[in-house]
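In full-length UniProt numbering, the protein residues as written are 1 to 746.
Heads up: the structure comes next, in structure tokens.
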């Protein structure tokens, strides 16, 4: 539909050009003539057709951005397109109403466009103001139908209009209900009452807690509601109906092996992640919890999330990722409104989508009695070959596209709700309270459906298919171009399995007892060999931006050296293009270490360039350090036109100096020189390639672990609008453990 809409708009423009261009006018005369005749009846109709086709294309693009692409520009792009489409929609509706002629399809087009806008924003955190604006547009559509509409499809048109109006009112009401619900809007208030300093001491005994069975972990998951409203807005735990807590779900027994397996693999992880996300939200909203809550959660993190599991090494990271996803959904999506009353509100939303789907088919059938509409996509190309550009000026084609797009959007919305983690969490909680065959069937179907969709998502393009030495190449450009080239490094924030395993390994070696992280490198395998490089880079007064740049430059130089030693660059190119799945499946430790180093090096640079608010350093300091390094590189590398020349230039000075021995290593000079010294030490002292890249992988894994602790919870929450960052997942773990800073940056 999107492709055909673009072709439609292009065809309309070409048709106009050929109809006027035959007069052999100059380009200036053609434009002037076109603008003068723009208000004529034929041109007004042409203008409306072009704008409607263009709007359909923009809405299709917005649907792709909101449902498929997950990168840093997504939120800003959607906000821009939303503002543009809203202005264009208001304009084209005004043109339709002011047209000196009547066209009975104008109200249908306007209604479909308003429906597009409402459906595309169905998963955003819609507000009252947004719905009120949609209501005003619906009033304009109603007036347009009264003055221009046809009585032939009178009933389905007004029925669809009523459904959209009802949907606007329902969303406003659902938002209010969600803001007052105990498991969403007032979640932090409830948890502060339940888990605060005045809470029941028997619920906060770390000695009685068992992370394996979740015994003693009475964390709220779902089902909290007040028995009465006698106390007004005040909360009392005694007034709650029986809530579903974490220990109930984990200790749930079932005779059905298939359901039990599903709950073990996904259901229990979902409940744990959601309970942890509610604790994160308490911290965001300033709720004060009992001191022993941190000790209980820290024990849960150490014994459950960071525990070694031979069957599933990624279990801990997956739980933390779900934790952050639930927090993002609670803050920036409409899921809390869709599930404000559990299955009741979800059923109403899905039922409304299905009814709109049927009404659109009814409307399509009635319009087909007057106009020749065809939903067959192949007919578009068949008619184009027969009739050429004349096909594009037919308003029936626009009507077909608009109706088809509404059907696709309604179907996509229903599938999105079925696929969501919230639906599976809700079904599992209902099963714990009321076990029956129907809920067993629903639960199994939801998990199977989610599993099938995850198989499709695994075909996403790897974000690591970039040139390994882009940082060196960027020195020749301005700072704006430098940021533009650095941004594509990490379009997708999800690292491969090797990276996750190495970071989990680094986290296991850390002391998580609540004080700042130690700046030492407690690596279980390479502490002796890697620690001297680590300590040299963090000597004196280390700054986060400086340490990232030094290690990134050293890594890039080691990559160039590795390329020169391995098939004159072919090996480096092959490894940079190696898909993450192939890296994970290989047994070669060198490949895995290279993949970990490559990803984390680029990712930390991505944070330094685009996400400075997430770093444990002042934003202005990070920006100034980066700009100074880029300017210094431009001066030092002037005249270097290849990676080899860059390597020779940067490694020239360290090679003249004495090679640092195993006990004395001092980094001096500017950041580029320090990175070159570090690279030279690694290349000279670590002749074994596997050992060198193992050291780099260990250093980068521990570096990102030290970058993650932060008290800037607002920055992480705000950044979740554009998707969850990998560093936010690590930050969530430290937040649960009560760690807000690293000793490294003091």
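Even for Gly, the Cβ is constructed at its ideal location relative to N, Cα and C.
Just so we're clear, the structure is a prediction, and the values are computed from it rather than from any experiment.
Can you look up residue i in the DSSP assignment and give me helix, strand or coil?
i           : result
residue 101 : coil
residue 190 : helix
residue 751 : Missing from the structure shown is residue 751; the chain here goes from 1 to 746 and no further.
residue 212 : coil
residue 244 : strand
residue 517 : strand
residue 20  : Low per-residue confidence applies at residue 20: pLDDT is 45, beneath 50, and the placement is therefore not dependable, though the value from the model is reported in the following sentence. Helix, per DSSP.
residue 742 : strand
residue 410 : helix
residue 495 : coil
residue 639 : coil
residue 387 : In this predicted model, residue 387 has a pLDDT of only 45, less than 50, meaning its place in the structure is not dependable; the value taken from the coordinates is given anyway. Helix at residue 387.
residue 510 : coil
residue 731 : helix
residue 217 : coil
residue 341 : coil
residue 456 : Confidence at residue 456 is low in this model, with a pLDDT of 49, below 50, so its placement is unreliable and no value can be given for it.
residue 675 : helix
residue 632 : helix
residue 271 : helix
residue 309 : coil
residue 710 : coil
residue 366 : helix
residue 57  : helix
residue 645 : helix
residue 485 : Note that residue 485 has pLDDT 42, beneath the 50 cutoff, so the model's placement of it is unreliable and no number is given.
residue 356 : helix
For residue i versus residue j, is the C-beta distance shorter than 8 Å?
i           : j           : result
residue 219 : residue 275 : yes
residue 185 : residue 288 : no
residue 52  : residue 92  : yes
residue 403 : residue 360 : yes
residue 703 : residue 695 : no
residue 277 : residue 339 : no
residue 701 : residue 505 : yes
residue 104 : residue 150 : yes
residue 89  : residue 113 : yes
residue 107 : residue 157 : yes
residue 145 : residue 117 : no
residue 296 : residue 194 : no
residue 282 : residue 420 : no
residue 143 : residue 405 : no
residue 686 : residue 692 : yes
residue 119 : residue 410 : yes
residue 214 : residue 191 : no
Taking the beta strand (DSSP E) that residue i falls in, what are its first and last residues?
i           : result
residue 220 : 220-222
In the DSSP assignment, find the alpha helix (DSSP H) that holds residue i and state where it starts and stops.
i           : result
residue 205 : First-last for residue 205: undefined, no H or E at that position.
residue 336 : 335-338
residue 316 : 315-332
residue 179 : 154-180
residue 719 : 713-719
residue 370 : From DSSP, residue 370 is part of no alpha helix (DSSP H); its letter is neither H nor E.
residue 143 : 128-148
residue 748 : Only positions 1 to 746 of the chain appear in this structure, which leaves residue 748 out of reach.
residue 251 : Careful: residue 251 lies outside any alpha helix (DSSP H) and carries neither H nor E.
residue 544 : 544-565
residue 693 : 689-707
residue 119 : 106-120
Is any heavy atom in the ligand ATP found nearer than 7 Å to the beta carbon of residue i?
i          : result
residue 95 : In the structure on display, the ligand ATP does not appear, and there are no ligands present to speak of.
Please specify which runs of the alpha helix (DSSP H), each continuous and at least 4 residues long, are wholly inside the region 276-307, giving them in chain order. 291-300
Does the structure place the region 74-85 close enough to the region 425-434 that three or more beta carbon pairs sit under 8 Å? no
Touching or not, the region 609-628 and the region 542-549, by the rule of three or more beta carbon pairs under 8 Å? yes
Taking the runs of the beta strand (DSSP E) that are 3 residues or longer, which of them lie wholly in the region 580-629? The region 580-629 contains no whole beta strand (DSSP E) run of 3 or more residues.
Touching or not, the region 546-562 and the region 631-650, by the rule of three or more beta carbon pairs under 8 Å? Touching, per the Cβ criterion.
Between the region 263-272 and the region 319-338, can you find at least three pairs of beta-carbon atoms closer than 8 Å? yes
Does the count of Cβ pairs from the region 617-627 and the region 717-724 closer than 8 Å reach three? A contact is defined here as three or more CB-CB pairs under 8 Å, and the region 617-627 fails this definition with respect to the region 717-724.
Kindly confirm or deny that the region 334-354 and the region 156-171 touch, where touching means at least three C-beta pairs closer than 8 Å. yes
Decide if the region 703-714 is in contact with the region 733-746; the criterion is three or more beta carbon pairs, one per stretch, under 8 Å apart. yes
Can you find at least 3 beta carbon pairs, one from the region 509-517 and one from the region 629-639, that sit closer than 8 Å? no
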